[in-house]
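Q: Residues in the sequence shown are numbered consecutively from 1, following the working numbering. We put the beta carbon where it would ideally sit given N, CA and C, even for glycine. These numbers were taken from a predicted model, which means no experiment stands behind them.
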Amino acid sequence: MAQKIFNAFYAQSGGVTAVINASACGLIETARKEPNIGKIYAGRNGIIGALTEDLIDTSKESDLIISKLKHTPAGAFGSCRHKLSDPAENEKEYLRLIEVFKAHDIKYFFYNGGGDSQDTTNKIAQFSIENDYPLVCIGIP
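1) From D116 to K83, what distance separates their C-alpha atoms?
2) Can you tell me which of the three DSSP states G14 falls into?
3) Assuming I106 and A8 are in contact, meaning their beta carbons sit under 8 Å apart, how far apart are those beta carbons, in whole angstroms?
4) Taking the alpha-carbon positions, what's the E53 to T17 distance?
5) In the DSSP assignment, what are the bridge partners of D119?
6) Taking all protein chains shown into account, do 16 or more other C-beta atoms lie within 10 angstroms of the C-beta of V19, making it buried, or fewer, making it exposed?
7) Measure the beta-carbon distance from I40 to I28 and round it to whole angstroms, keeping in mind my assumption that it falls under 8 Å.
8) Opposite V136 in the DSSP bridges: which residues?
9) Using three-state DSSP, classify I5 as helix, strand or coil.
10) Looking at G46: is its Cβ nearer than 9 Å to the Cβ of G78?
11) State yes or no: is the C-beta of N131 within less than 9 Å of the C-beta of A76?
12) Just tell me which of L51, S23 and Q3 has its CA closest to the CA of P73.
13) Taking the DSSP output, what are the residues bridged to A42?
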């Protein structure tokens with residue numbers, strides 16, 4: 001029996017650095033080789049892209065274009081400084097994320113950024129566990 005293929009979501013957050021696009025490149029190139037991952041969506045302007053369902057389908061870009069991210073300045077997919085509050089204070093945002101992830105069959109979440117971004121990754125991981133949505137959450141520093 002073949003294993004089901006799920007999609008991934010990647011987003012950048014916080015102040016963009018000289019290496020943030022290189023991290024995106026590495027993630028997208030690696031995920032493209034993973035047989036259990038289908039499409040890799042990037043959120044336009046960080047987690048806001050997921051909340052507004054503004055997703056960039058990176059599979060529409062060639063391997064050459066993705067490889068050029070290594071040398072592209074700024075944040076190719078946009079960034080934000082939107083900090084998710086505690087789920088007990090604003091469950092609506094978390095429910096919206098799960099709704100969007102379900103709609104796009106997303107089971108892998110990668111968030112690239114600093115301390116607040118890692119906190120967001122952890123909050124989403126905990127919320128998905130508590131709400132029985134199987135989501136692998138990985139923070140990329």
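A: In this structure, then:
1) If you take the alpha carbons of D116 and K83, they lie about 7 Å apart.
2) Looking at G14 - three-state DSSP - the assignment turns out to be coil, as it is neither helix nor strand.
3) Beta-carbon to beta-carbon, I106 and A8 are separated by about 7 Å, close enough to satisfy the 8 Å threshold.
4) Rounded to whole angstroms, E53 to T17 spans 25 Å at the Cα level.
5) Beta-bridge partners of D119 (DSSP): none assigned.
6) With fewer than 16 neighbouring CB atoms inside 10 Å of its own CB, V19 falls in the exposed class.
7) Under the criterion of beta carbons closer than 8 Å, I40 and I28 qualify as touching, at roughly 5 Å.
8) The partner list for V136 (beta bridge, DSSP) reads Y108.
9) In this structure, I5 counts as coil in the three-state DSSP scheme.
10) Going by C-beta atoms, G46 is nearer than 9 Å to G78.
11) No. Outside cutoff.
12) It is S23.
13) Secondary-structure assignment with DSSP links A42 through a beta bridge to Y10 and I56.
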